[in-house]
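**Student:**
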Amino acid sequence: MTGDLPLYLVPGTMCDGRLWQPVTARLPGRETLLADYTAADSLAGMVDAVLKGAPARCHLVGFSLGGYLALAAALKAPERFRTITVIAASPYGLHDAEKTLRRQNAGLLAQARYRGMSSARLKQFVHPDHLADVSITDTIRQMEMDLGQDILLRQLTAPIERPDLSADLATLPAPVHFIMAEDDAMVPISAIETLAAKVPAIKLHRIKASGHMIPLEAPDALAAILDQITVEVC
1 MTGDLPLYLV PGTMCDGRLW QPVTARLPGR ETLLADYTAA DSLAGMVDAV LKGAPARCHL
61 VGFSLGGYLA LAAALKAPER FRTITVIAAS PYGLHDAEKT LRRQNAGLLA QARYRGMSSA
121 RLKQFVHPDH LADVSITDTI RQMEMDLGQD ILLRQLTAPI ERPDLSADLA TLPAPVHFIM
181 AEDDAMVPIS AIETLAAKVP AIKLHRIKAS GHMIPLEAPD ALAAILDQIT VEVC
């Protein structure tokens, strides 16, 4: 039964297992495993780390940067994944402006002690309705501070030059699901709407009243979708 396969969870930039706790608490009895690519200093190394930690057969679930890495891993070893679920992420490469901004931020970060995410930056990640919820905002800030400046630098710079994977997704034998927030300021849902319209094999699921941090902001809705994808898959 495919629902008995473990969920292999790939976190996003400066996230760890705490990202998934609200979701896994709503999936009692499901085996979950966590990917760890924090030691990798290149995009290829990150993808290899995801593959190395994956069980022989599982449901692959990635968030944000972890969603892109999940797609890249699935394209390298498609036979290992029964379903592929991408949360708040895009298969596309970064725009030149985003590459430039990341390089500038990394340069500044390398020269100073990082003091954590600013309130202005936090507003880009979290829906306005959830900014007063410290269970969400404190988790985001604490994960970032605990992982530390060196990992932040690697995760900013290593994935800058990322290939556009969108044209290859139709070749994957496993179902590919995108779960996107309608109010995500970081990864707009419109790009995935266009992709899903072109590729019938891609399924798009919408989350309302959430920003980018779907696993923390909308764990009930996310757990229900994951349960549907992984248990009812035929």
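FYI, in our numbering the residues of the sequence shown are 1 to 234. Glycine residues also receive a C-beta, built at the ideal position from the N, C-alpha and C atoms.
#1: MET14 by DSSP, collapsed to three states: which one?
#2: Less than 8 Å between the beta carbons of ILE189 and HIS205, yes or no?
#3: Taking the alpha-carbon positions, what's the LEU153 to LEU69 distance?
#4: In angstroms, rounded to a whole number, what distance separates the CA positions of ALA201 and ALA44?
#5: Please say whether VAL126 and THR137 have beta carbons closer to each other than 8 Å?
#6: Using 8 Å for Cβ pairs, my map puts LEU19 next to LEU216. What's the rounded Cβ distance?
#7: I'd like the span of the alpha helix (DSSP H) that includes ARG141, first residue to last.
#8: So the alpha helix (DSSP H) ARG82 belongs to, where does it begin and stop?
#9: Suppose you measure from the CA of ALA77 to the CA of LEU51; what does that come to, to the nearest Å?
#10: Buried or exposed: which applies to LEU71, given that a residue is buried once 16 or more other Cβ atoms fall within 10 Å of its Cβ?
#11: So PRO55 and TYR92 are in contact, right, with Cβ under 8 Å, and what is the actual spacing, rounded?
#12: Can you tell me whether PRO159 is buried or exposed, with buried defined as 16 or more other CB within 10 angstroms of its CB?
#13: Nearest by alpha-carbon distance to GLU182: which of ALA89, MET14, ARG30, ASP4 is it?
#14: From VAL231 to ASP4, what distance separates their C-alpha atoms?
#15: Going along the chain, which unbroken runs of the beta strand (DSSP E) with 3 or more residues stay wholly within the stretch 156-183?
#16: Take PRO175 as the anchor and find which of CYS58, GLY62, LYS203 has the nearest alpha-carbon.
#17: The alpha helix (DSSP H) spanning VAL50 covers which residue range?
#18: Taking only three categories from DSSP, how would you classify GLY93?
#19: When you compare each of LYS123, ASN105, CYS58 to LEU156 by their alpha carbons, which one comes out closest?
#20: Do VAL134 and GLY62 have their CB atoms nearer than 8 Å?
#21: Considering only DSSP beta bridges, list what TYR68 is partnered with.
#22: In chain order, what residues of the same chain lie with their CB nearer than 8 Å to the CB of LEU122, ignoring the 5 residues before and after it?
#23: Please name the residue, chosen from ASP36, GLY67, THR24, MET186, that lies closest to LEU165 on a Cα-to-Cα basis.
#24: Looking only at C-alpha atoms, which of PRO6, ARG30, GLY17, ALA196 sits nearest to ASP36?
**Tutor:** Inspection of the coordinates gives the following:
#1: In the sequence shown, the residue the question calls residue 14 occupies position 14. Coil.
#2: The residue labelled residue 189 in the question sits at position 189 within the sequence shown. The residue labelled residue 205 in the question sits at position 205 within the sequence shown. Not in contact: ILE189 and HIS205 (Cβ atoms no closer than 8 Å).
#3: As a working note, residue 153 is residue 153 in the sequence shown. As a working note, residue 69 is residue 69 in the sequence shown. If I take the Cα positions, the gap works out to 17 Å.
#4: Taking the first residue of the sequence shown as 1, we reach residue 201 at position 201. Taking the first residue of the sequence shown as 1, we reach residue 44 at position 44. Straight-line Cα distance between these residues: approximately 26 Å.
#5: Along the sequence shown, read from residue 1 onward, the residue named residue 137 stands at position 137. Along the sequence shown, read from residue 1 onward, the residue named residue 126 stands at position 126. Result yes, Cβ atoms of THR137 and VAL126 sit closer than 8 Å.
#6: Here the question's residue 19 lines up with position 19 in the sequence shown. Here the question's residue 216 lines up with position 216 in the sequence shown. With 8 Å as the limit, LEU19 and LEU216 qualify as a contact, their Cβ atoms being about 7 Å apart.
#7: Within the sequence shown, the letter at position 141 stands for residue 141. First-last of the alpha helix (DSSP H) with ARG141: 134-147.
#8: Here residue 82 refers to the residue found at position 82 of the sequence shown. Where ARG82 is concerned, there is no enclosing alpha helix (DSSP H), although the beta strand (DSSP E) around it starts and stops at 81-87.
#9: On the sequence shown, residue 77 is found 77 positions in, with the first residue counted as 1. On the sequence shown, residue 51 is found 51 positions in, with the first residue counted as 1. If I take the Cα positions, the gap works out to 8 Å.
#10: In the sequence shown, counting from the first residue as 1, residue 71 sits at position 71. With 16 or more other Cβ atoms within 10 Å, it is buried.
#11: Position 55 of the sequence shown holds residue 55. Position 92 of the sequence shown holds residue 92. Actually they do not touch by this definition, with Cβ atoms about 28 Å apart.
#12: To locate residue 159, count along the sequence shown from 1; it is residue 159. Under this definition PRO159 is a buried residue.
#13: Taking the first residue of the sequence shown as position 1, residue 182 is located at position 182. Of the candidates ALA89, MET14, ARG30, ASP4, the one whose C-alpha sits nearest the C-alpha of GLU182 is ALA89.
#14: Here residue 231 refers to the residue found at position 231 of the sequence shown. Here residue 4 refers to the residue found at position 4 of the sequence shown. Cα to Cα, VAL231 sits roughly 8 Å from ASP4.
#15: Taking 3 residues as the minimum length, the beta strand (DSSP E) runs contained wholly in the stretch 156-183 are 176-181, in order along the chain.
#16: Start at 1 with the first residue of the sequence shown, and residue 175 comes out as number 175. Nearest of CYS58, GLY62, LYS203 to PRO175, Cα basis: LYS203.
#17: What you label residue 50 is simply residue 50 of the sequence shown in a count that begins at 1. Taken as a continuous stretch (DSSP letters only), the alpha helix (DSSP H) holding VAL50 covers 43-53.
#18: Position 93 of the sequence shown, counting from 1, holds the residue named residue 93. Reduced to three states, the DSSP call for GLY93 is coil.
#19: Residue mapping note: residue 156 aligns to position 156 of the sequence shown, counting from 1. Residue ASN105 is the option with its Cα nearest to LEU156.
#20: The residue given as residue 134 occupies position 134 in the sequence shown. The residue given as residue 62 occupies position 62 in the sequence shown. No.
#21: Walking along the sequence shown from the start, residue 68 turns up at place 68. Bridge partners of TYR68: none, in fact.
#22: The residue labelled residue 122 in the question sits at position 122 within the sequence shown. Hits under 8 Å: LEU131, THR137, ILE140, ARG141.
#23: Looking up residue 165 in the sequence shown gives position 165. Of the candidates ASP36, GLY67, THR24, MET186, the one whose C-alpha sits nearest the C-alpha of LEU165 is GLY67.
#24: Locating residue 36 in the sequence shown gives position 36, where the first residue counts as 1. Ranking PRO6, ARG30, GLY17, ALA196 by Cα distance to ASP36 puts GLY17 first.
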